[in-house]
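Quick notes on the structure that follows.
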Amino acid sequence: MTDTTTQALAHLDNAGMIAFLTTLVQTPSVYLPGVASANETAAATLIYDLLDEWGLQPQRWEVAPGRPNIVAELRGTAGAGPLLLFEGHTDVVTPGDRSAWTYDPFGATIVDGRMYGRGTADMKGGVAAMLYAVRAIQLAGAQFAGTIRLLIPVDEEGLMIGIKDIVARGHATGAAGAIICEPEEHEVCIAQKGALRLKLESFGRVAHGAMPEEGVNALTGMIHLLHRVLAIQTELRAAHGEHPLLGKIYLSPTVARAPISGEASQINVLPDSCDAYLDIRTIPGVSHPAIVARVEELLHEVQQFDSAFRFAVSIIDDRPSTEIAADHPLVQSLQHGHRTVYQQEAPFGGVPGSTDGTIITRDAGVPVVVYGPGGKRIPHQPNEYVLVAEVEQAAAVYVHAALHFLQTYQHPA
Numbered sequence: 304m305t306d307t308t309t310q311a312l313a314h315l316d317n318a319g320m321i322a323f324l325t326t327l328v329q330t331p332s333v334y335l336p337g338v339a340s341a342n343e344t345a346a347a348t349l350i351y352d353l354l355d356e357w358g359l360q361p362q363r364w365e366v367a368p369g370r371p372n373i374v375a376e377l378r379g380t381a382g383a384g385p386l387l388l389f390e391g392h393t394d395v396v397t398p399g400d401r402s403a404w405t406y407d408p409f410g411a412t413i414v415d416g417r418m419y420g421r422g423t424a425d426m427k428g429g430v431a432a433m434l435y436a437v438r439a440i441q442l443a444g445a446q447f448a449g450t451i452r453l454l455i456p457v458d459e460e461g462l463m464i465g466i467k468d469i470v471a472r473g474h475a476t477g478a479a480g481a482i483i484c485e486p487e488e489h490e491v492c493i494a495q496k497g498a499l500r501l502k503l504e505s506f507g508r509v510a511h512g513a514m515p516e517e518g519v520n521a522l523t524g525m526i527h528l529l530h531r532v533l534a535i536q537t538e539l540r541a542a543h544g545e546h547p548l549l550g551k552i553y554l555s556p557t558v559a560r561a562p563i564s565g566e567a568s569q570i571n572v573l574p575d576s577c578d579a580y581l582d583i584r585t586i587p588g589v590s591h592p593a594i595v596a597r598v599e600e601l602l603h604e605v606q607q608f609d610s611a612f613r614f615a616v617s618i619i620d621d622r623p624s625t626e627i628a629a630d631h632p633l634v635q636s637l638q639h640g641h642r643t644v645y646q647q648e649a650p651f652g653g654v655p656g657s658t659d660g661t662i663i664t665r666d667a668g669v670p671v672v673v674y675g676p677g678g679k680r681i682p683h684q685p686n687e688y689v690l691v692a693e694v695e696q697a698a699a700v701y702v703h704a705a706l707h708f709l710q711t712y713q714h715p716a
């Protein structure tokens, strides 16, 4: 452990961090379209004001009305060096049925060492830990070469417009690595699944149910198409098998509607339109363009089966899978931090969903590792919680990992 690390850990304000986390959880940041106050503004303001108070000169701008991104950085006092990113989002999902909660979902109630509330694990605990880790390094004199940059976007739970905008503005460009502070239950997650979301549309012509030959049933066309499309999952699994950390590939239809709009559906009327949405979860080595091409191929097969059917496919979102080598310096720095704090090695893991890190890798080419406080299966459920001690330990791991990485990283030749 270096003197700088020792000094930083001495400046780690656990009491202040948990008090800030309490306030952050008590500040709802659920985004609901059309509801003026239902967005990330209040939570982002808390973070912005804290960073401003610390003298980190945060930048803030709105990606959409009421949806502000924040970026701030700490530059080392030892000159030029690598850029390390820490990332955490401000939005949380709805608490759902409040009667299913034992405690107020926005109460930040602490019982037996657990803080309960929506967003405690996903991922305000991780945000608080990364903020206070950087503050501790700042107070220790920032005795490192390089820069630590905090990326705090909106909308991770939606289409990730926040991180897409941050990356598009160049805030991840040239980074040597990124730590995504999502809850991963002590695992150093070196892989995460990709997510490809597709919209299928089927078009027909309205007719009376007693005289279907006078129209084209868009729903029937969609059924024929989905029957073929669902077989793609079997094809992909046969070609790629299971990933040791991520498991199987999944192709799931999640929404289907007929008709899409207009008059309410009637049991005696053929629908003239139908759409269906696919949520496809992939592993490294799977080509998303190849999946889209395969869907288009099957679409044409159905049209050959019956030329009256017409279809369209469009990409709603495309997040690639990511994977980083276990011996990458960023992975080893996180392992060093975890081992020092917990006195044992962290298991390697995989993220079953996709994080903002997929965009950082896709659009900026930055390797990412996902590591943060909280259980990986508790997010989005009633009685979501994070262990207070785990937030404190995560902050200490981040201090160790950041300084170890910045002090040992060497740019590839």
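Throughout, this note's numbering is defined as the position within the sequence shown, counted from one, plus 303. Think of the CB as a built atom: it goes at the ideal place given N, C-alpha and C, for glycine as much as any other residue.
Where residue i sits in the DSSP three-state scheme
i, result
"SER505", "strand"
"GLN362", "strand"
"THR664", "helix"
"HIS546", "strand"
"LEU324", "helix"
"VAL457", "coil"
"SER555", "strand"
"GLY524", "helix"
"SER617", "strand"
"THR380", "coil"
"ASP425", "helix"
"SER576", "strand"
"ASN571", "coil"
"ASP394", "coil"
"THR658", "coil"
"HIS603", "helix"
Contact under 9 Å by Cβ, residue i with residue j
i, j, result
"PHE506", "GLY524", "yes"
"ILE482", "PHE389", "yes"
"LEU312", "VAL702", "yes"
"GLY444", "GLN646", "no"
"ALA254", "VAL437", "Nothing can be reported for residue 254, as the shown portion of the chain is limited to 304 through 716."
"HIS631", "ILE586", "no"
"VAL671", "ALA432", "no"
"HIS489", "ALA649", "yes"
"ASP458", "TYR334", "yes"
"ILE469", "ASN342", "no"
"ASP667", "ALA478", "Here residue 667 turns out to be Ala, not Asp, going by the sequence shown. Taking 9 Å as the Cβ cut-off, ALA667 and ALA478 qualify as a contacting pair."
"GLY337", "GLU487", "no"
"ALA403", "PRO685", "yes"
Residue burial classification, residue i (beta-carbon count within 10 angstroms, cutoff 16)
i, result
"SER610", "exposed"
"TYR688", "buried"
"ASP578", "buried"
"TYR674", "buried"
"LEU690", "buried"
"ILE370", "With the sequence shown as reference, residue 370 is identified as Arg, and Ile is not the correct amino acid for it. By the 10 Å Cβ count, ARG370 comes out buried."
"LEU548", "buried"
"PHE608", "exposed"
"GLY428", "buried"
"GLY358", "exposed"
Span separating the alpha-carbon of residue i from that of residue j
i, j, result
"PRO385", "LEU533", "45 Å"
"ASP415", "GLY588", "44 Å"
"THR325", "ARG597", "48 Å"
"GLU626", "HIS639", "19 Å"
"ALA424", "PRO715", "35 Å"
"THR711", "GLU504", "52 Å"
"THR450", "ILE619", "35 Å"
"PRO484", "ILE535", "Looking at the sequence itself, residue 484 is Cys, so the reference to Pro does not match. So the two alpha carbons sit approximately 33 Å from each other."
"LEU442", "GLN713", "25 Å"
"THR661", "LYS679", "17 Å"
"LEU522", "GLU604", "17 Å"
Nearest candidate by alpha-carbon position, reference residue i, set the options
i, options, result
"GLY550", "VAL374, THR423, LEU335 and GLY652", "GLY652"
"LEU256", "LEU637, LEU539, ALA494 and PRO592", "Because the chain spans 304 through 716 in this model, residue 256 falls outside it and cannot be assessed."
"ARG622", "GLY337, GLN495 and LEU335", "GLN495"
"ASN571", "ILE627, MET514 and ILE440", "MET514"
"ARG540", "HIS527, LEU548 and LEU554", "LEU554"
"ILE663", "ASP630, GLN606 and ALA471", "ALA471"
"ARG584", "VAL654, ALA345 and ALA479", "VAL654"
"TYR419", "PRO408, MET426, LYS427 and GLY429", "PRO408"
"LEU709", "ASP458, ILE321, PHE447 and ALA521", "PHE447"
"ARG560", "HIS511, LEU581, GLY391 and LEU434", "LEU581"
"VAL328", "THR393, VAL669 and LYS467", "THR393"
"ARG363", "ILE455, LEU637 and ILE619", "ILE455"
"ALA615", "LEU528, LEU359, GLU693 and ALA347", "LEU528"
"ASP659", "GLY391, GLU376 and HIS546", "GLY391"
"LEU349", "VAL595, MET320, PRO368 and PRO336", "MET320"
"ARG508", "LEU573, GLY473 and HIS546", "LEU573"
"LEU387", "ARG421, THR380, ASP458 and ALA475", "ALA475"
"GLY399", "HIS707, LEU377, HIS683 and ALA692", "HIS683"
"LEU633", "GLY480, GLU538 and SER564", "GLY480"
"ILE466", "SER657, GLN569 and VAL491", "SER657"
Near the ligand SAM: residue i beta-carbon under 8 Å from a heavy atom
i, result
"ALA478", "Among the ligands in the structure shown, none appear at all, so the ligand SAM cannot be discussed."
Proximity test, Cβ basis, 9 Å: residue i and chain B
i, result
"LEU549", "Considering every chain present, this structure includes no chain B. It has just one protein chain."
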